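Numbering (our numbering), first residue to last: 4 to 934. Here is the structure we will look at, set down as structure tokens.
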């Protein structure tokens with residue numbers, strides 16, 4: 004047979020193409036309407052071991068790892084839904100049945116496991132009567148109900164699921180040891196034998212309840228290849244001699260591709276009827292194969308890809324695609340994708356010309372898959388760098404058909420560009436970026452039909468965006484008027500520490516999260532609200548007039564906000580309800596509604612003397628009134644034992660805890676301790692939360708003195724301190740601020756010092772307490788329950804609630820002899836423990852869940868859960884001001900999780916939280932009744 008060689012480009016072009024630096028992430032500043040032909044990275048899903056195999060269903064990614072696990076990810080949100088411990092060796096191949104109800108996994112532990120994809124229940128463990136070594140590949144004929152596997156010992160074996168004649172003992176026993184084997188255990192150079200691992204292996208915990216079956220010795224084709232059987236697939240069409248029937252195609256270490264007929268009368272036995280050989284010398288193993296119609300693509304060692312026409316048995320092309328081994332290859336949307344040992348991906352069109360290339364991974368690309376999710380093409384690669392990469396290949400479509408982006412995809416694009424603007428309000432260097440970010444946000448409003456206006460603020464502060472979506476004209480008399488408040492400015496992102504894993508102003512998807520400054524605080528929630536309005540407008544279902552007030556100075560105390568809003572009240576108009584989405588859940592598991600915030604007073608206390616800075620040795624004496632000494636003595640009068648603030652009458656306005664409020668804290672502690680038993684007993688946790696949320700506090704932040712910082716002998720002429728006081732509902736910030744000044748002046752007078760005291764209130768914000776009984780909170784509650792359903796996947800055991808993990812012992816009741824650690828936000832975030840396995844059926848559907856993976860006495864709790872009603876220790880200056888100014892009640896809807904790291908390194912927002920937040924706001928904007 005003649006061999007046709009066609010690389011698709013000249014040899015000089017090959018070297019240049021392979022050495023050209025590759026850009027894998029599109030420019031975030033580019034227009035969202037522009038589609039790049041270069042595949043864009045949608046998500047990088049990280050793990051702890053190499054990814055060796057991938058299979059795709061309509062909704063899930065299945066990935067086999069070197070550690071013997073099968074990872075299950077959602078294609079919609081990229082959440083890790085399950086980690087199945089299924090093998091004692093590397094999972095080398097995954098295959099789905101045609102109806103996607105069964106998953107077949109083969110591995111280095113010499114077995115093939117069969118799983119029910121609806122429940123992840125282990126159904127079968129297929130073992131060979133021979134010592135096969137690694138099982139490199141697996142395929143399944145749904146028509147014949149037969150599993151085929153290719154092994155290291157050169158055999159192809161098969162098993163018909165209708166025949167269970169050779170059932171082995173209980174699978175919970177340890178794996179059967181094998182004796183010395185001439186093939187695997189022969190001595191090497193010098194007469195030494197490679198040590199083998201101990202054969203007494205515990206069966207992986209998720210593979211213990213299936214039936215263990217031995218493949219009949221008659222169902223084994225010895226020496227199917229003269230080398231390892233690396234890859235196989237089933238072809239239904241394209242082979243004329245076997246038209247209408249499935250054909251098994253296999254590739255091996257002998258460099259041959261073999262076609263096998265399947266004998267239905269002999270339980271799917273294979274019959275050799277053709278071998279594809281190109282006549283080249285041995286050593287060019289077939290490492291991967293893929294089928295596109297009648298064309299078969301074969302990836303080889305040495306970087307070559309052969310293209311065969313199965314109808315004519317001719318080698319159509321030989322493409323020099325890579326510099327070294329092509330470990331994985333797949334076809335989809337009219338393109339062929341190949342991956343190599345250097346982490347490179349090449350994409351070739353139907354004329355076998357190089358379309359584009361990219362550096363996809365930092366390690367070997369060991370697996371890949373192409374599929375459709377919601378009719379959109381997706382390409383996924385897995386690597387030895389312990390990650391999966393999900394690529395947007397929207398241009399990989401047959402013919403000229405185009406698919407418009409979904410609303411969620413547009414939401415991600417808009418948020419990505421929004422994040423790219425460095426809207427850091429505290430740094431004058433980013434003043435222009437702040438204006439550009441505001442202009443971009445205004446353009447988003449305009450594109451969706453909202454009326455917009457830029458409200459200028461005093462002292463060159465960043466402008467406020469006023470935008471309004473009009474509700475359905477047919478309901479003009481009944482429309483509500485909802486004010487949505489947010490802010491487009493962000494805190495600075497310190498990249499010099501090296502702790503950011505991404506560029507903070509280039510949003511990237513990692514592990515189902517969107518990383519970037521502002522994704523959680525507050526750009527993500529703003530975009531969710533805008534797209535909620537846009538979808539309702541398109542559906543003609545917007546039941547309210549939604550007014551947006553988005554400021555650009557919130558991170559600097561909302562400078563100029565109050566004055567500008569008062570001056571623009573006629574433009575803003577009447578308001579019935581006020582809604583914010585600017586905080587976070589209490590942990591990472593349970594949706595919340597915030598009904599209370601503490602207020603804040605920032606103050607500066609300064610003491611000055613009439614003399615200049617002095618030398619402590621020359622001028623220091625007991626008769627000298629030193630400003631820093633006076634300041635320390637004065638600050639000591641502010642608080643007593645346990646941090647009690649000594650200002651007279653300070654605590655008088657604060658109400659006692661009501662029985663209704665106590666019930667809320669009981670619900671919160673119950674939910675937290677189910678997942679985080681190490682937090683302590685319920686009373687301790689509740690007390691800690693109350694101190695953070697409903698008790699006032701005083702904090703000293705920073706001392707500053709005159710004189711050089713590096714001189715330890717100076718007596719400074721000036722000393723000042725920055726402090727803050729957190730005030731709670733029923734306390735007025737202005738009143739407390741005056742009391743603070745009065746108290747400090749009185750105490751300073753007692754010192755009889757010759758120095759001067761100055762106390763200034765730099766900023767203050769009123770506390771806020773919402774009305775849990777109003778319609779806004781009730782509508783939000785119902786929307787959260789509808790969107791999230793049953794989020795607390797707990798299980799009952801002997802009447803008590805547990806998780807899939809073994810319950811940890813609860814701490815003893817009663818008070819501790821040592822001061823308990825406070826339940827800080829970081830503790831709650833880091834203590835959130837996701838269950839080992841999540842259900843693969845959406846919440847609310849018929850229950851085919853993971854009950855099979857739990858003992859019979861541990862059943863899933865599926866009822867809808869209410870959100871936790873929580874308060875926050877932080878402050879948002881605008882919320883109480885807006886309530887007073889518009890005489891409208893407010894509610895606070897947290898979008899993100901406790902671990903979002905807002906204001907910190909690696910700020911992020913979970914993708915599913917963004918989507919759910921949009922759905923929740925959409926329901927509120929549609930269904931909220933009038934006051």
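Every residue, glycine too, gets a C-beta built ideally from N, C-alpha and C. Fair warning: this is a prediction, and the values are worked out from it, not measured in the lab.
So, with DSSP's three-state summary, where would you put residue i?
i: residue 499; result: coil
i: residue 820; result: Its pLDDT being 39, under 50, residue 820 is placed unreliably by the model, and the measurement read from it follows with that caveat. Looking at residue 820 - three-state DSSP - the assignment turns out to be coil, as it is neither helix nor strand.
i: residue 431; result: helix
i: residue 464; result: coil
i: residue 45; result: strand
i: residue 33; result: Caution applies to residue 33, whose pLDDT of 37 falls short of 50 and renders its modelled position unreliable; the model cannot decide the point.
i: residue 130; result: strand
i: residue 421; result: helix
i: residue 24; result: The predicted position of residue 24 is uncertain, since its pLDDT is 30 and thus under 50; a value taken from the coordinates is nonetheless stated next. Residue 24 falls in the coil class under three-state DSSP.
i: residue 925; result: helix
i: residue 10; result: With a pLDDT of 34 at residue 10, under the threshold of 50, the modelled position of this residue cannot be trusted; read the value that follows with caution. In this structure, residue 10 counts as coil in the three-state DSSP scheme.
i: residue 656; result: coil
i: residue 933; result: coil
i: residue 639; result: helix
i: residue 89; result: coil
i: residue 588; result: coil
i: residue 858; result: Residue confidence is low: residue 858 scores 39 on pLDDT, short of 50, so the model does not pin down where it sits. Its coordinate-derived value is still stated next. DSSP places residue 858 in coil when its eight states are reduced to three.
i: residue 508; result: coil
i: residue 137; result: coil
i: residue 362; result: strand
i: residue 766; result: strand
i: residue 611; result: strand
i: residue 547; result: strand
Does the distance from the CB of residue i to the CB of residue j come in under 8 Å?
i: residue 142; j: residue 237; result: yes
i: residue 102; j: residue 78; result: no
i: residue 563; j: residue 491; result: no
i: residue 591; j: residue 786; result: no
i: residue 631; j: residue 715; result: no
i: residue 545; j: residue 489; result: no
i: residue 260; j: residue 301; result: yes
i: residue 527; j: residue 917; result: yes
i: residue 510; j: residue 418; result: yes
i: residue 1; j: residue 550; result: Residue numbering for the chain in the displayed model covers 4 to 934; residue 1 lies beyond these limits and cannot be assessed.
i: residue 342; j: residue 361; result: no
i: residue 584; j: residue 896; result: yes
i: residue 451; j: residue 535; result: no
i: residue 337; j: residue 363; result: no
i: residue 680; j: residue 734; result: no
i: residue 303; j: residue 289; result: yes
i: residue 232; j: residue 157; result: yes
i: residue 74; j: residue 213; result: no
Sorry if obvious, but does the Cβ on residue i come closer than 7 Å to a heavy atom of the ligand COA?
i: residue 69; result: With respect to the ligand COA, the structure shown offers nothing to examine, as it has no ligands at all.
What residues are listed by DSSP as bridge partners for residue i?
i: residue 902; result: In the DSSP output, where bridge partners are listed per residue, residue 902 has none listed.
i: residue 83; result: 76
i: residue 877; result: The partner list for residue 877 (beta bridge, DSSP) is empty, contrary to what the question assumes.
i: residue 160; result: 152 and 223
Problem - Inter-stretch contact at 8 Å, needing at least 3 Cβ pairs: the segment 740-760 / the segment 662-676 - result: Touching, no, given that fewer than three Cβ pairs across the two stretches are closer than 8 Å.
Problem - Cβ contact (3+ pairs, closer than 8 Å) linking the segment 523-542 and the segment 411-418 - result: Contact between the segment 523-542 and the segment 411-418 is present, because at least three Cβ pairs lie under 8 Å.
Handout entry: Minimum length 3: unbroken beta strand (DSSP E) runs contained in the segment 218-274
Key = At a cut-off of 3 residues, the continuous stretches assigned as beta strand (DSSP E) that sit fully inside the segment 218-274 are 232-238, 250-255 and 260-266.
Handout entry: Segments of 3+ residues assigned as beta strand (DSSP E) that fall wholly inside the segment 440-494
Key = Runs of the beta strand (DSSP E) lying entirely within the segment 440-494 and spanning at least 3 residues, in chain order: 454-458, 467-472 and 483-490.
Exercise for the section: Take every Cβ of the segment 388-398, pair it with every Cβ of the segment 38-58, and state whether three or more of those distances are shorter than 8 Å. Expected result: Because the criterion of three Cβ pairs below 8 Å is met, the segment 388-398 and the segment 38-58 touch.
Problem - Three-pair Cβ contact test at 8 Å for the segment 892-910 versus the segment 601-617 - result: Of all C-beta pairs linking the segment 892-910 to the segment 601-617, fewer than three are shorter than 8 Å, placing the two stretches out of contact.
Handout entry: Whole runs of the alpha helix (DSSP H) within the segment 668-709, excluding any shorter than 4 residues
Key = DSSP runs (the alpha helix (DSSP H)) wholly in the segment 668-709: 685-696.
Handout entry: the segment 352-372 contacting the segment 380-387, beta-carbon criterion three pairs below 8 Å
Key = The segment 352-372, when compared against the segment 380-387, does touch it at the 8 Å Cβ threshold.
Practice task
Inspect the CB distances between the segment 318-334 and the segment 293-309 and report whether three or more fall short of 8 Å.
Solution key: Output reads yes: the segment 293-309 touches the segment 318-334.
Exercise for the section: Examine the Cβ distances between the segment 597-610 and the segment 757-773 and report whether three or more of them are shorter than 8 Å. Expected result: Contact check between the segment 597-610 and the segment 757-773: three or more CB pairs, one atom from each, fall below 8 Å, which counts as touching.
Exercise for the section: Output the residue ranges of the beta strand (DSSP E) runs that lie fully inside the segment 310-352 and measure 3 residues or longer, sorted by chain position. Expected result: Within the segment 310-352, the complete beta strand (DSSP E) runs of at least 3 residues are 317-323, 329-335, 338-343 and 347-351.
Exercise for the section: Tell me, please, whether the segment 697-712 touches the segment 581-596 by the rule of three or more beta-carbon pairs shorter than 8 Å. Expected result: Touching, no, given that fewer than three Cβ pairs across the two stretches are closer than 8 Å.
Exercise for the section: Would you be able to state if there are at least three C-beta pairs under 8 Å between the segment 90-98 and the segment 109-128? Expected result: Contact between the segment 109-128 and the segment 90-98 is present: three or more C-beta pairs spanning the two stretches fall below 8 Å.
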